[in-house]
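Here's the structure, in structure tokens; my notes come after.
Numbering (this note's numbering), first residue to last: 251 to 1203.
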């Protein structure tokens, strides 16, 4: 069970839901709603049946230069995932060169000899989706999913940065990307608990150990690097024989061989990186450290270095971590969160890397409780698990959950976790693309005795324990304000090698969105269905026309608190029993709210669908709403609100809504939906029951389904579980949006957050438009201005000035009056200049005659049409589109209408749409930062500045 929520500030046009932290409840005597039936028995398919569903056929070949190529055919969509994995990560960096692998991840997006300029430009133009690059301890990877006609150009680009890179790296480019990395570091450091990773790594691993430093590395090392040092790093690590290329999707092995020979074949071999040997260190004695940070609650983190992913103890340790603190029914959850209620959340995990792993237990202590006592109790629970071992039932639930997630994750060909990733990881780390199968087999075969033995062997050793207490953050080494001390030692020019011209992109056909079928249950509930059969899985969402906007002004937070309680006890099962039932089925039931919708969703493997739908119905129709559980969740909610007051982004999103919408608007409340302390303290069980009766009713709901089963097989399950659900006699509620939007009063609200190395800027206005309006032209114009990596504002603040890791401006996907929101985390010393620069970009575009340029029009039209092919590859993406289309009043085939309308756009139309909608002179700015540093900069902007404390709205 997981609570889910959409951050309403996000610019997504769907009512999609995104998981956030798990909130559990203590065991209880179930009080079932009147007329409820007893809980249905759970019948689950055996794990072996699920494992048999997992297969990724592939072809493997090696080019003469040593490049390993893996090809997987999947013709469900006209797209190909391109994934290049380099056998180099931060563990391979010697002393004095920490952060080099991550720096090169940035540099390799900055252009190559035959594809100069940002790689985001051609990738956007070809319609790439799931495009990114990442660096971690063991590898660097680049990936994108492209329409099949764009594959040749994508391979040209990837081969150019592999073999023709160095001539494109100028001193200016190197310095700029050093600055971007510094802002990435500031952004991470600025978060609550943001410095703890450094402490853990330095404590667990001795000097000189490959895993001792963080991936982002040392800013001093980056500044000290000369151009020639940087070039040598590239020459040593990014050759074809030190890489794996995976092509997964609409391609044959024969075509893959032809294209890879053509584009990668001429690249000469380079050195082979033999990954750094990294023994698993054991601490000589326990280490206990206490630190302070600007956080709302104490946190205790207990850490061990353990074996890596190839060790036979890795899977048993991962299973043990799930039993201890990973499952929703975990032992730490049951005892500390639900039972004794001394922690607001707990977790345990085994991060298995190539050479080593890191096992950690994290305890977020309930305010007012003694961290030392909570830690001691957690150790008792751990020691009990080690002494007696897990039960067979616990281990079986872990297996089912893991295999279910694996099955569903393989629907996608690329991205962060699709089939290309599974093949690449196995080849890179083991030399076996089918390593994922062996790992699945290890999970399926693991026994309680093996789990107990592994935990006994590795977790009875001395641990590093870090306790973080609320208080003033201790001094630490911040990123420099600018890489002004960077090494500028000249290097000889690179002799470039001529190669073929960049290939053109062929015609990309329009997206073929799945046919949408509609039907009704016997009680009138509408079912909206689409078919997807890439994996044996089903996704269901029950959308209720409620959401955060349904809260009464004096009961803010009641909607989300009610939704939280729904899956914490239902139909005779308490929270633990519900969690165990989900885990037994390999299902995930989530509750949550966007601004306009409340949702209960199910993700299930189809062999277990019948029992999963019955469990979903219990949560929706028969929640317990136990009074004791309300009190526990109330305490947890108050802790969450306190935590929001320590987070830069959360502080800003609490403040801005009322400033632009007014406190009387249903949209004028904190975007998190958590409410405020006063309202949460006052909510009663009767309020929860009334909210449920008022909003969670069959005549206020629609059921959305994407499944590998046909509708005629899914509908009987829905009918049996929801068809007899009768609405109450009272009239269906209607949200009240009659309160007028207040006149804009441009100003700056500065929320003082001392010791912030970075300022978080959130600005915006309410547009004279609703989500149900046709916003296609406005959103296309805003791709140029604010909502794209290549947008005017991001290009200026990140790529030109180097003040930010990323800036965005977008139209949020609300159903009614929509806001235009600008987010800009910037280095603290450039806060005022950053707002001035943003205003300059907005005014130049909207009023200064610097509207959409021909190349921006071409890039936007091509990108927004060509990317459609890869936008609905997964059942989750299709489900999100079904829900968004329904909420925003769009036709079922809306995705298929986008390309023709976009192709017809002109620059004049885009300029006119942006000018008519966006007015930067109306913006209200919220800045979260250190007032002693920031306020003088803001005063210089000529706008009224109001300073607020972070402790109150």
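C-beta atoms are modelled at their ideal positions from N, C-alpha and C, and glycine is treated no differently.
Remember, it's a predicted structure, so these values are computed and weren't measured experimentally.
Whole angstroms are fine: how far does the CA of residue 867 sit from the CA of residue 600? On the chain shown, residue 600 is found 350 positions in, with the first residue counted as 1. On the chain shown, residue 867 is found 617 positions in, with the first residue counted as 1. Whole-angstrom Cα-Cα distance: 34 Å.
Does the beta-carbon distance from residue 1086 to residue 1074 come in below 9 Å? As a first step, residue 1086 is located in the chain shown; it is residue number 836 there, counting from the start. As a first step, residue 1074 is located in the chain shown; it is residue number 824 there, counting from the start. No, the pair does not count as a contact, with Cβ atoms beyond the cut-off.
Skipping 5 residues on each side, what residues in its chain have a beta carbon closer than 7 Å to that of residue 1088? In the chain shown, the residue the question calls residue 1088 occupies position 838. So the list reads 1043, 1072, 1074, once near-sequence residues are dropped.
Give me, in chain order, the residues of the same chain whose beta-carbon lies closer than 7 Å to that of residue 763; leave out the 5 immediate sequence neighbours on both sides. Position 513 of the chain shown, counted from the start, is the residue given in the question as residue 763. Cβ within range, chain order: 1122, 1143, 1145, 1146.
Determine the DSSP secondary structure at residue 637, reduced to helix, strand or coil. Within the chain shown, numbered from 1, the residue matching residue 637 stands at position 387. It is helical.
Locate the alpha helix (DSSP H) running through residue 312, then write down its first and last residues. In the chain shown, the residue the question calls residue 312 occupies position 62. Element bounds for residue 312: not the alpha helix (DSSP H) but the beta strand (DSSP E), 309–312.
Residue 812: buried (16+ other C-beta within 10 angstroms of its C-beta) or exposed? Mapped onto the chain shown, residue 812 falls at position 562. Under this definition residue 812 is a buried residue.
Terminal residues of the continuous alpha helix (DSSP H) containing residue 1034? Within the chain shown, the letter at position 784 stands for residue 1034. Per DSSP, residue 1034 belongs to the alpha helix (DSSP H) from 1026–1035.
Which residues bound the alpha helix (DSSP H) around residue 791? Working through the chain shown from its first residue, we reach residue 791 at position 541. From DSSP, residue 791 is part of no alpha helix (DSSP H) but of the beta strand (DSSP E) over 787–794.
Is residue 708 closer than 9 Å to residue 997 when the C-beta atoms are compared? Locating residue 997 in the chain shown gives position 747, counting from the first residue. Locating residue 708 in the chain shown gives position 458, counting from the first residue. The answer is no: Cβ separation not under 9 Å.
Starting from residue 497, trace the beta strand (DSSP E) both ways and give me its first and last residue. Sequence index remark: in the chain shown, residue 497 carries index 247 (1-based). Segment 493–499, the beta strand (DSSP E) holding residue 497.
Which runs of the alpha helix (DSSP H), 4 residues or longer, sit entirely within the stretch 690–729? 698–708
Inter-stretch contact (C-beta, 8 Å, three-pair minimum) for the stretch 1123–1136 and the stretch 773–784: yes
Residue 703 versus 679, 639, 754, residue with shortest Cα-Cα distance: For the purposes of this step, residue 703 is taken as the residue at position 453 of the chain shown. If you compare the alpha carbons of 679, 639, 754 with that of residue 703, the shortest gap goes to 639.
Please go through the same chain and pick out, in chain order, the residues whose beta-carbon is closer than 8 Å to the beta-carbon of residue 897, but skip the five residues on each side of it. Looking up residue 897 in the chain shown gives position 647. Excluding positions up to five away in sequence, the list reads 441, 442.
Collapsed DSSP secondary structure at residue 648 in the structure displayed: Taking the first residue of the chain shown as 1, we reach residue 648 at position 398. If DSSP states are grouped into helix, strand and coil, residue 648 belongs with the helices.
In three-state terms, what does DSSP make of residue 432? Locating residue 432 in the chain shown gives position 182, counting from the first residue. If DSSP states are grouped into helix, strand and coil, residue 432 belongs with the helices.
Would you report the Cα separation of residue 462 and residue 557, rounded to the nearest angstrom? Reading the chain shown from its first residue, position 212 is the one you call residue 462. Reading the chain shown from its first residue, position 307 is the one you call residue 557. Cα-Cα distance, rounded: 15 Å.
Between residue 423 and residue 740, what straight-line distance do the alpha-carbon atoms span, to the nearest angstrom? Along the chain shown, one-based indexing puts residue 423 at 173. Along the chain shown, one-based indexing puts residue 740 at 490. Each residue's Cα considered, the two are about 14 Å apart.
Straight-line Cα distance separating residue 451 from residue 713: In the chain shown, residue 713 corresponds to position 463, counting from 1. In the chain shown, residue 451 corresponds to position 201, counting from 1. Distance between the alpha carbons of residue 713 and residue 451 is about 12 Å.
Could you name the residues that DSSP lists as bridge partners for residue 392? Taking the first residue of the chain shown as 1, we reach residue 392 at position 142. Residue pairing by DSSP places residue 392 opposite 334, 383 in a beta bridge.
DSSP three-state call for residue 1175: helix, strand or coil? If you number the chain shown from 1, residue 1175 lands on position 925. Strand at residue 1175.
Close beta carbons around residue 1025, own chain, < 7 Å, minus the five adjacent residues each side: Here residue 1025 refers to the residue found at position 775 of the chain shown. Excluding sequence neighbours, residue 1025 sits near 1019, 1061.
Whole angstroms is fine: what's the gap from residue 361's alpha carbon to residue 572's? One-based indexing of the chain shown puts residue 361 at position 111. One-based indexing of the chain shown puts residue 572 at position 322. Their backbone Cα atoms lie some 43 Å apart in a straight line.
Can you tell me the Cα-Cα spacing of residue 282 and residue 819, whole angstroms? Looking up residue 282 in the chain shown gives position 32. Looking up residue 819 in the chain shown gives position 569. Annotation note: pLDDT 34 at residue 282 (below 50); position unreliable, coordinate value reported separately. So the alpha carbons of these two residues sit roughly 9 Å apart.
How long is the line joining the alpha carbons of residue 506 and residue 354, rounded to whole angstroms? Position 256 of the chain shown, counted from the start, is the residue given in the question as residue 506. Position 104 of the chain shown, counted from the start, is the residue given in the question as residue 354. Each residue's alpha carbon lies about 27 Å from the other.
Report the residue from 1113, 647, 1197, 1064 whose alpha carbon sits nearest the alpha carbon of residue 826. For the purposes of this step, residue 826 is taken as residue 576 along the chain shown, with counting starting at 1. Comparing Cα positions, the closest option is 647.
Own chain, CB closer than 7 Å to residue 489, minus 5 neighbours either side, in chain order: Here residue 489 refers to the residue found at position 239 of the chain shown. When the five nearest sequence neighbours on each side are left out, the beta carbons in the same chain lying within less than 7 Å of the beta carbon of residue 489 are those of 519, 520, 521, in order along the chain.
Who are the near neighbours of residue 1201 in its chain, counting only those whose CB is closer than 7 Å to its CB and skipping five residues on each side? In the chain shown, residue 1201 corresponds to position 951, counting from 1. For residue 1201, where only same-chain residues beyond five positions count, the Cβ hits under 7 Å are 895.
Quick check: what's the CA-CA separation for residue 1195 versus residue 991? By 1-based counting over the chain shown, the position of residue 1195 is 945. By 1-based counting over the chain shown, the position of residue 991 is 741. The straight-line gap from Cα to Cα measures roughly 22 Å.
Pick out the complete alpha helix (DSSP H) segments inside the stretch 467–492, 4 residues or longer, and give them in chain order. Segments of the alpha helix (DSSP H) lying fully in the stretch 467–492: 469–474, 477–487.
When you compare each of 1153, 694, 1139, 406 to residue 332 by their alpha carbons, which one comes out closest? In the chain shown, counting from the first residue as 1, residue 332 sits at position 82. Here the closest residue by C-alpha is 406.
Looking at C-alpha atoms only, which residue of 349, 498, 464, 1057 is the closest neighbour of residue 394? Counting from one through the chain shown, the residue named residue 394 turns up at place 144. Closest in alpha carbon position to residue 394, among 349, 498, 464, 1057, is 498.
Would you list, in sequence order, the uninterrupted beta strand (DSSP E) runs of no fewer than 3 residues that lie entirely inside the stretch 805–859? Within the stretch 805–859, the complete beta strand (DSSP E) runs of at least 3 residues are 838–843, 848–855.
Going by beta carbon distance, what residues of the same chain come within less than 6 Å of residue 701, once the five residues before and after it are set aside? Residue mapping note: residue 701 aligns to position 451 of the chain shown, counting from 1. Excluding positions up to five away in sequence, the list reads 566, 569, 570, 640.
Nearest candidate by alpha-carbon position, reference residue 1006, set 383, 368, 433: Indexing the chain shown from 1 puts residue 1006 at position 756. Of the candidates 383, 368, 433, the one whose C-alpha sits nearest the C-alpha of residue 1006 is 433.
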